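Here the protein sequences come in this chain order: A and B.
Using full-length UniProt numbering, the letters of the first sequence map in sequence onto residues 1 to 568.
Using full-length UniProt numbering, the letters of the second sequence map in sequence onto residues 1 to 708.
We put the beta carbon where it would ideally sit given N, CA and C, even for glycine.
These figures come from a predicted structure and were not determined experimentally.
Encoded as structure tokens, the structure appears first; notes follow it.
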Amino acid sequence: MKKEAGGSIEANEGEKGLSFMGSQDQERPGSGSQRRVVRILIGTVGGQGGGLLTNWLVRGFYYAGWFAQSIGVLGLAQRSGTVTYYVEATPGLERPMISVYAHPGDVDLVVGQELLELGRLLRGGFAAPGCTIIGNVYRYYTTLEKMPAGDGTYPVEQIMTTAKQLTDDVYLLDAAGTVRALGLPELTSNALLLGMMVASRKLRLAPEPFRRAIEESGVDTERNLRSFDEGYRLVSQGGAILPPPVRKEPVSWRDRAAELEARLTSSGQVQAYRRLLRGAEETFGGWLMPILAEAVYRLLDYQDARYVDEYIERVRGIWEAERRALPGGEARDWPVTRYFARHLAVWMTYEDAPRVAQLKTRRERFRKIKENFGIKKGQKFVVTEYLDPDGPQLYGILPARLVRALIGKQGERFKRLQNVKFPMRLKSTSVTGYALLKLIAGCRAWRRRSYRHRQEMEMMERWEAAVYRALREWPSLAEFAAQAGDLVKGYAHVRERALQDLWMYVERILPRVARLDQEGAADGRAVAQFSLKIAGREAGKGGEALSYVEDVEKERRSVSARAVSTTR
Amino acid sequence: MHAYTESDIAQLQFGEGQVLYGDGALVVLKSLLQSGISYFGGYPGAPTANLIDAVADAYEPVLKPMGVYVESSANEMSAGAMMTASAFAEIRGAVTWKVLGNSVASDVLDHIAAIGVKDGAMIIVGEDYGVASTSVAMRSLPWAMKSGMPVIDPRGDLQILSDMVMQGMEMSKISGLPVVFLLRPQLSHTHGFIRTKGNRRAVFNVKDKIARVAKDPSKTPLPPNTQQHERSKYQERLPKAEKFLLEHRLNERFGSPKAKIGLITHGFTCNTVMRILSAFGLANEDGWVDERLDILQLNVIFPLSERQVLEFFEGKEIVLLVEEGKPNLLEQSIRSILHRSRVPVAFHGQDIVPDVGELTPDRLLPALAQFLERALPELGETVQRETALRLQRKEMAEKMLEPVTPRVPTFCVGCPERPVFSQMKIMEELSGEVDFHAGDVGCYGMAGLAPFWMADSNIGMGAGLAAAAALSEMTDQKVVSVIGDGTLWHSGLNSSVVNALYNNQNATYVVLDNGWTAMTGHHENPTTGQTLTGEKTRVRMKIEEALRGLGIRKVEKENPYDYRKFTKKLKRLREDPEGGLRVLISEAECQLERQRRIRPKRQKDIAAGKRVVVERLGVDDEVCVGDHACIRFNGCPSLTLGESPNRLRESKIATIDHQCVGCGVCGEVAQAAWLCPSFYKVSVVINTPWYERIVEKISGMFVRAKAG
């Protein structure tokens with residue numbers, strides 16, 4: 001705009017100003033046709049090529065005869081932090097008065113290289129009315145999302161809905177999937193996004209200058225160009241691009257059962273599976289079958305048909321109790337039975353040493369490894385397992401009577417044995433390593449008599465008793481007792497702590513919540529749900545959940561105390 | 001490491017009127033060359049680390065032929081001290097560091113400012129007051145003011161940036177004062193175009209040497225000289241700087257000088273104000289400003305010319321100063337000028353403008369709207385409407401979206417620093433004993449974030465261990481301090497180690513020796529064994545020898561990737577009953593640098609048909625139960641979440657993505673923290689030789705699952 005720093009004041013007055021004032025009557029200032037500068041905001045994850053993408057864009061603008069510049073707010077860029085690039089571009093090479101920051105409600109083209117980063121920009125309120133939003137629905141999870149046990153990820157559906165609410169020009173797609181379908185590496189998805197940006201209605205520029213920018217960068221040129229062309233095509237042909245469904249649509253349980261059946265190895269098992277499913281359907285009807293189809297398969301694969309019968313029997317018992325305690329449960333799809341059936345199946349297939357060995361020596365597993373690691377036929381590969389069995393995991397395989405005689409009924413003898421661990425690196429692709437694992441896997445034949453099995457069964461019964469008690473005494477909270485079965489996760493001491501959380505929750509927290517609920521002092525279901533969420537964040541958080549409930553109690557007490565004092 | 005391409009660097013040779021494309025750092029370097037520097041030094045730190053990269057990459061092709069002396073200084077004090085060259089001869093030069101370095105260099109700079117420079121000297125300070133800043137928030141203005149050094153804070157525009165560097169150097173020459181140039185991250189990381197001028201070769205340089213530096217006893221900072229220096233600084237040299245900035249119109253004016261409403265801006269606030277004004281129809285993208293307004297943009301924020309201020313206030317009824325941050329020295333100075341001259345004007349500053357923190361548009365918009373409603377009541381409705389229109393987009397989005405999970409930075413994939421914190425966390429988890437973690441400044445400062453939270457204190461370069469000096473005696477906890485090699489050489493050796501030894505401090509000191517100053521984007525340091533310019537150092541400094549040289553007997557070295565051995569040594573040192581200072585050196589190269597080196601070599605070997613083993617880790621999706629304990633002890637970006645094949649599980653399971661470099665930490669964590677048997681390592685042999693193929697075939701007969 002001005003040639004020299006400290007340029008003259010006169011240059012700023014006069015004609016330009018007057019013509020602008022003249023146009024002001026027709027146009028709302030700051031928008032409309034007199035606006036020349038296109039403002040682009042790109043949200044990226046550090047180290048994922050956002051810098052290259054922005055560089056292509058700015059260079060391309062230059063070759064297209066535009067003035068452009070980008071500003072990167074890097075933070076700790078290469079260490080997976082959030083990195084935002086802000087670009088301003090305008091036709092002609094004269095320098096406009098740029099703004100160093102993106103302004104709220106003032107960005108024409110909002111781009112998210114990753115879905116959460118798009119959400120961050122949208123929440124920042126940058127998107128101008130009538131802007132274009134381009135987003136890659138790919139998720140690169142943040143550390144804070146990954147840390148909680150279970151699922152601590154951000155509800156991204158909100159981001160997609162918000163994008164559509166903010167403007168009518170939204171392009172959301174799985175860039176990584178799109179380029180993969182073209183046989184291109186995922187890293188070229190940045191070029192795809194560039195193509196989409198260039199073709200979008202805010203720019204509608206010819207592709208050549210941007211292709212030249214890609215060529216000059218010299219980064220995987222040929223494949224990036226192909227990806228760019230695809231992005232350009234997708235948007236310029238105006239094909240509506242819809243994001244893939246975030247969660248897979250459930251297939252019918254019968255299809256799923258057929259899929260699972262095919263995994264069973266012997267014809268005897270297949271027969272048993274069919275028979276058991278028929279029986280289950282007769283007992284429960286169709287509503288529980290999506291869970292039972294999975295559960296029966298797992299249990300059969302884990303042990304045998306008799307084990308499945310035991311399972312069905314237990315689920316039936318709970319269902320009967322639920323029917324008695326909560327009439328009209330059909331309307332709510334029997335939540336207690338559902339949760340119980342689901343978590344009992346997972347618990348009954350607990351991962352003891354034989355189970356781990358069984359899973360680690362599967363043909364299916366090696367097939368997956370070869371696929372994931374791109375191992376070709378005839379190529380040598382070695383799989384080293386990081387195993388870490390401890391005393392209880394090893395002697396757990398032995399018959400219960402023997403172990404009890406050894407360590408005592410309460411485990412009071414040989415305490416050291418319970419705390420000793422045997423870290424080992426075992427090559428499951430070697431003849432000896434494989435044979436050893438196979439041997440351990442074979443131990444499942446007498447699993448029922450093993451010490452570990454007795455222990456697990458006792459604990460399952462304890463949980464089951466808690467669910468029954470809940471159904472009897474405070475049925476409206478019973479589904480949380482069943483749902484709490486999901487707390488049981490992990491191996492060794494992590495699992496020990498998770499179990500303590502479970503007992504804490506079903507035996508100490510729920511009764512207190514029930515009391516609060518019955519006194520009408522709090523919304524019992526809400527408190528039960530939130531405290532379960534706290535306990536589920538990480539093994540060992542049961543105490544925190546308890547103190548949350550105590551806080552609620554205290555608050556209620558002080559509220560009622562205050563109420564008493566004011567009436568006086 | 002090369003941050004700039006050859007073609008980027010080639011542009012530094014451009015002459016009059018050519019178009020250079022690059023980032024702010026490249027523009028600054030080009031402008032320094034245009035103004036004829038003959039030395040450059042500094043200590044890397046955001047947001048000027050890329051300036052050091054540019055200098056390193058330009059050394060061989062551009063700077064060396066021009067005879068420019070370049071050094072990567074041991075710390076900011078060494079860099080500042082180098083400017084002595086400019087005090088004793090007609091030598092022009094520049095140094096750089098991030099804002100925190102101001103304090104480190106203060107001692108020497110006070111002296112240099114006092115004795116003065118002859119041909120210009122510039123300090124490019126990485127001013128980082130922003131929300132994304134990786135350091136304590138502070139302004140350089142008070143620091144520069146107390147030493148009497150002019151401060152340039154340019155408007156956000158690469159061409160202005162370039163012009164201001166050149167003008168600043170002239171101002172330094174005329175005033176005899178070193179000039180402070182504030183390079184903010186946004187400008188440093190701006191990519192765009194400028195028009196260049198020809199480079200100027202300095203009269204004196206490494207090739208054209210000075211025969212003899214003239215003696216000048218009057219520069220000795222002892223009585224009777226000291227008061228002379230002070231007088232000359234304030235009575236002669238600063239007035240010269242003021243005269244220069246007025247004559248060369250370094251501060252800009254927009255709008256109409258006859259206007260009754262005034263705005264004073266500095267640095268980027270000018271750009272932000274202009275953009276907001278254009279939202280109200282009071283400015284536009286070409287820099288035009290409504291004639292009812294008059295804007296004074298201070299590209300030089302110190303010295304503040306009393307003459308210019310009074311001239312600007314002539315005929316004004318109401319003026320707003322948009323000053324970013326505290327202390328608001330511009331406001332205080334202007335207020336005192338107005339008071340002294342009894343100017344009757346409504347003058348507003350941080351009574352309207354947010355006083356603490358970066359002036360981002362969302363914070364400045366309502367403030368400016370408030371001012372304009374007062375100053376231009378006839379526009380009130382437009383201002384209110386446009387402000388609401390812009391801010392309501394944010395309100396709307398906030399209603400629809402939950403707060404977006406922060407993406408905190410984390411250690412790189414395969415980083416050798418992660419296993420150190422991972423082991424400390426596992427030790428604490430298993431023993432229940434929690435130590436006081438005295439952190440220091442470097443990549444490992446990220447240990448203070450998720451998932452480790454293992455930097456209880458982090459108070460300044462090299463001061464980590466010293467920070468716990470009193471605490472070591474006053475807490476029942478054990479003190480463990482972690483420092484990196486770069487920071488140890490910067491100042492830790494003296495400030496922390498010598499201090500600890502001299503005062504019998506009882507602590508465990510873990511030195512992370514990865515061979516690089518990695519935090520700033522990989523810079524050489526004394527451990528690397530080569531200088532910024534790629535020259536080998538004559539002495540290869542070794543941390544172990546240095547520490548033993550100081551007399552520490554308990555110095556151990558271990559590979560952090562080996563959890564069993566490393567944890568054992570760490571435990572032994574930590575629990576040492578004799579007390580005193582015990583050191584464990586964690587020795588493993590920065591993984592980023594390592595990958596940069598080995599990847600191309602591996603590609604070459606594969607192409608040449610050599611036997612190459614590639615290793616990566618995996619998680620058994622059926623064995624993983626989704627408790628994510630592994631992630632809480634590790635935090636590797638490549639260890640992420642996936643869907644469980646077991647549909648009865650509600651949890652997402654752990655999975656390892658393609659970024660894995662096979663460092664093995666996942667497996668070590670699973671074993672050391674007593675977690676699970678889900679992890680495995682796959683070693684793929686590329687170009688398997690024939691004899692191995694035969695062995696494979698035979699073993700495949702036994703291990704049928706593998707062969708199938």
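Buried or exposed: where does residue 17(B) fall if 16 or more other Cβ atoms within 10 Å of its Cβ makes it buried? Locating residue 17(B) in the second sequence gives position 17, where the first residue counts as 1. Result: exposed.
Count the C-beta pairs between the stretch 41-54 of chain B and the stretch 16-30 of chain B that are closer than 8 Å, then say yes if the count reaches three, no if not. yes
When DSSP labels each residue in this structure, what does residue 399(B) get in the three-state scheme? Against the second sequence, residue 399(B) aligns to sequence position 399. Note: residue 399(B) maps to helix in three-state DSSP.
Which runs of the beta strand (DSSP E) spanning at least 3 residues fall entirely within the stretch 246-314 of chain B, listed in chain order? 252-255, 261-266, 293-298, 300-302, all fully within the stretch 246-314 of chain B.
I want to verify the contact list: residues of chain B whose CB lies under 7 Å from the CB of residue 533(A), in sequence order. Here residue 533(A) refers to the residue found at position 533 when the first sequence is read from its first residue. What residue 533(A) touches in chain B: nothing, since even the nearest Cβ is about 12 Å away.
Would residue 80(A) pass as a contact of residue 409(B) if the rule is Cβ separation under 8 Å? Here residue 80(A) refers to the residue found at position 80 of the first sequence. Here residue 409(B) refers to the residue found at position 409 of the second sequence. For residue 80(A) and residue 409(B), yes; Cβs fall inside 8 Å.
Collapsed DSSP secondary structure at residue 135(A) in the structure displayed: Mapped onto the first sequence, residue 135(A) falls at position 135. Looking at residue 135(A) - three-state DSSP - the assignment turns out to be strand.
Residue 390(A) versus chain D: which residues are under 9 Å apart at the beta carbon? Here chain D cannot be found, since the structure's protein chains are A and B.
Counting only Cβ-Cβ distances shorter than 7 Å, please list the residues of the stretch 347-358 of chain A near chain B, keeping chain order. 351, 356
How many Å lie between residue 698(B) and residue 378(A) at the Cα? The residue given as residue 698(B) occupies position 698 in the second sequence. The residue given as residue 378(A) occupies position 378 in the first sequence. Cα to Cα, the separation comes out at about 12 Å.
Could you check what DSSP says for residue 69(A) in three-state terms: helix, strand or coil? By 1-based counting over the first sequence, the position of residue 69(A) is 69. Of the three classes helix, strand and coil, the one that applies to residue 69(A) here is strand, per DSSP.
Answer yes or no: do residue 35(B) and residue 200(B) have a C-beta to C-beta separation smaller than 8 Å? Translated into positions along the second sequence, residue 35(B) becomes position 35. Translated into positions along the second sequence, residue 200(B) becomes position 200. Yes, these two residues count as a Cβ contact at 8 Å.
Going along the chain, which residues of the stretch 397-413 of chain B sit with their C-beta nearer than 8 Å to a C-beta in chain A? 397, 398, 400, 401, 402, 403, 404, 405, 406, 407, 408, 409, 410, 411, 412
Rounded distance between the beta-carbons of residue 485(B) and residue 710(B), thought under 8 Å: Since the displayed chain B opens at 1 and closes at 708, residue 710(B) lies outside it and no answer follows.
Pick from 164(A), 525(A), 201(A): whose alpha carbon is nearest that of residue 481(A)? Counting from one through the first sequence, the residue named residue 481(A) turns up at place 481. Out of 164(A), 525(A), 201(A), 525(A) has the C-alpha closest to the C-alpha of residue 481(A).
Considering only DSSP beta bridges, list what residue 156(B) is partnered with. To locate residue 156(B), count along the second sequence from 1; it is residue 156. As DSSP reads the structure, residue 156(B) sits in no beta bridge.
Beta-carbon separation (whole angstroms), residue 54(A) vs residue 87(A), contact threshold 8 Å: By one-based count along the first sequence, residue 54(A) stands at place 54. By one-based count along the first sequence, residue 87(A) stands at place 87. Indeed, because the Cβ distance is near 6 Å, the residues count as touching under 8 Å.
Would you grab the beta carbon distance between residue 386(B) and residue 280(B) for me? Rounded to a whole angstrom, and I think it's under 8 Å. Here residue 386(B) refers to the residue found at position 386 when the second sequence is read from its first residue. Here residue 280(B) refers to the residue found at position 280 when the second sequence is read from its first residue. Contact flag correct, Cβ pair sits at about 6 Å.
Members of the stretch 164-179 of chain A near chain B, C-beta cut-off 8 Å: For the stretch 164-179 of chain A, which is checked against every Cβ of chain B, the residues closer than 8 Å are 165, 166.
Look at the alpha carbon of residue 118(A) and the alpha carbon of residue 173(A), and state the distance between them as a whole number of angstroms. Indexing the first sequence from 1 puts residue 118(A) at position 118. Indexing the first sequence from 1 puts residue 173(A) at position 173. Answer to the nearest angstrom: the Cα atoms are 12 Å apart.
What whole-angstrom Cβ distance do residue 266(B) and residue 245(B) have, given they're in contact under 8 Å? What you label residue 266(B) is simply residue 266 of the second sequence in a count that begins at 1. What you label residue 245(B) is simply residue 245 of the second sequence in a count that begins at 1. Incorrect: roughly 13 Å between the Cβ atoms, too far for contact.
Between the beta-carbon of residue 485(A) and the beta-carbon of residue 343(A), is there less than 8 Å? The residue labelled residue 485(A) in the question sits at position 485 within the first sequence. The residue labelled residue 343(A) in the question sits at position 343 within the first sequence. A contact, by the Cβ cut-off of 8 Å.
What are the residues in the stretch 10-31 of chain B lying within 8 Å of chain A by C-beta distance? 21
Against chain A, which members of the stretch 288-308 of chain B pass a CB distance test of less than 8 Å? 288, 289, 290, 291, 299
Rounded to whole angstroms, what's the CA-CA distance from residue 115(B) to residue 99(B)? Just pull it up for me. Here residue 115(B) is taken as the residue at index 115 of the second sequence, counted from 1. Here residue 99(B) is taken as the residue at index 99 of the second sequence, counted from 1. So the alpha carbons of these two residues sit roughly 23 Å apart.
For the stretch 193-210 of chain A against the stretch 226-240 of chain A, do three or more pairs of beta-carbon atoms, one drawn from each stretch, fall closer than 8 Å, so that the two count as touching? yes
Whole angstroms is fine: what's the gap from residue 30(A)'s alpha carbon to residue 73(A)'s? The residue labelled residue 30(A) in the question sits at position 30 within the first sequence. The residue labelled residue 73(A) in the question sits at position 73 within the first sequence. Because residue 30(A) carries a pLDDT of 38, less than 50, the predicted location of this residue cannot be relied on, and the following value inherits that uncertainty. Each residue's Cα considered, the two are about 25 Å apart.
Throw me the rounded Cβ distance for the residue 586(B) and residue 511(B) pair, which I believe falls under 8 Å. Within the second sequence, the letter at position 586 stands for residue 586(B). Within the second sequence, the letter at position 511 stands for residue 511(B). 7 Å between Cβ atoms; contact.
Beta-carbon proximity of residue 566(B) to residue 558(B), cut-off 8 Å: Along the second sequence, read from residue 1 onward, the residue named residue 566(B) stands at position 566. Along the second sequence, read from residue 1 onward, the residue named residue 558(B) stands at position 558. The answer is yes: Cβ separation under 8 Å.
Residue 482(B) classed as buried or exposed, judged by whether at least 16 other C-beta atoms fall within 10 angstroms: For the purposes of this step, residue 482(B) is taken as the residue at position 482 of the second sequence. Residue 482(B) should be labelled buried.
Against chain A, does residue 158(B) count as a neighbour if the rule is that its beta carbon must be under 8 Å from one of theirs? Indexing the second sequence from 1 puts residue 158(B) at position 158. Closer than 8 Å: yes.
Considering residue 106(B), what are the terminal residues of the alpha helix (DSSP H) in which it resides? Here residue 106(B) corresponds to residue number 106 of the second sequence, with the count starting at 1. 101-115 is the extent of the alpha helix (DSSP H) around residue 106(B).
Report yes or no: do the stretch 349-359 of chain B and the stretch 319-332 of chain B share at least 3 C-beta pairs separated by less than 8 Å? yes
Flag this pair as yes or no: are the beta carbons of residue 285(B) and residue 36(A) separated by less than 8 Å? Numbered from 1 along the second sequence, position 285 holds the residue referred to as residue 285(B). Numbered from 1 along the first sequence, position 36 holds the residue referred to as residue 36(A). Against a cut-off of 8 Å, the Cβ pair of residue 36(A) and residue 285(B) comes out as a contact.
Would DSSP call residue 72(B) helix, strand or coil? Position 72 of the second sequence, counting from 1, holds the residue named residue 72(B). Residue state, collapsed to three classes: strand.
Around the Cβ of residue 122(B), are there at least 16 other Cβ atoms within 10 angstroms (buried) or fewer (exposed)? Taking the second sequence and counting its residues from 1, the one referred to as residue 122(B) is at position 122. Residue 122(B) is buried by the Cβ-count criterion.
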